[in-house]
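Structure record follows, encoded as structure tokens.
Residue numbers (the numbering used here): 44 to 166.
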């Protein structure tokens with residue numbers, strides 16, 4: 044995966060447009076038995092929310108890490124980006140909200156499984 048800032052920003056704008064169009068989606072089948080219209084609409088809503096969160100999370104991360112490389116940020120930045128991205132979005136019409144939590148540098152049982160320190164991937 045290669046990321047470029049202007050394409051990430053364009054992707055965020057496009058996913059916002061698609062999410063906004065979800066307001067126009069309706070279901071004509073009102074039955075509660077084998078209602079494929081309902082199932083497919085819920086699946087679409089779920090995919091839109093996941094896609095938007097992924098797009099905004101990728102755009103916010105200003106580094107190259109693992110398989111996600113950026114031309115404008117060539118190196119891994121553990122000082123600023125050694126953290127987990129958390130995102131919230133209840134429905135497609137909501138804005139994506141991002142936050143972060145620290146990475147834990149320990150295992151549940153050090154005797155059974157030693158901590159593996161992070162290192163940059165080299166190919």
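Note that beta-carbon positions come from the ideal geometry of N, C-alpha and C, so glycine has one too.
Collapsing the DSSP output to three states places residue 56 in a helix.
Within the model, the alpha-carbon separation for residue 107 versus residue 125 is close to 12 Å.
Put simply, of 164, 142, 138, 151 the residue whose alpha carbon is nearest the alpha carbon of residue 56 is 138. Beta-bridge partners of residue 145 (DSSP): 126. Going by C-alpha positions, residue 60 is about 22 Å away from residue 104. For residue 136, no alpha helix (DSSP H) run applies, since DSSP gives it neither H nor E. When the five nearest sequence neighbours on each side are left out, the beta carbons in the same chain lying within less than 6 Å of the beta carbon of residue 112 are those of 45, in order along the chain. Within its own chain, the residues whose Cβ lies closer than 7 Å to the Cβ of residue 163, once the five positions on either side in sequence are excluded, are 119, listed in chain order. Between residue 93 and residue 135, the C-beta spacing is not below 8 Å. Secondary structure of residue 101 (DSSP, three-state): helix. A Cβ-Cβ contact shorter than 8 Å links residue 81 with residue 72. For residue 157, the CB contacts under 8 Å within the same chain, skipping 5 residues up- and downstream, are 150 in chain order. Taken through DSSP and simplified to helix, strand or coil, residue 112 comes out as strand.
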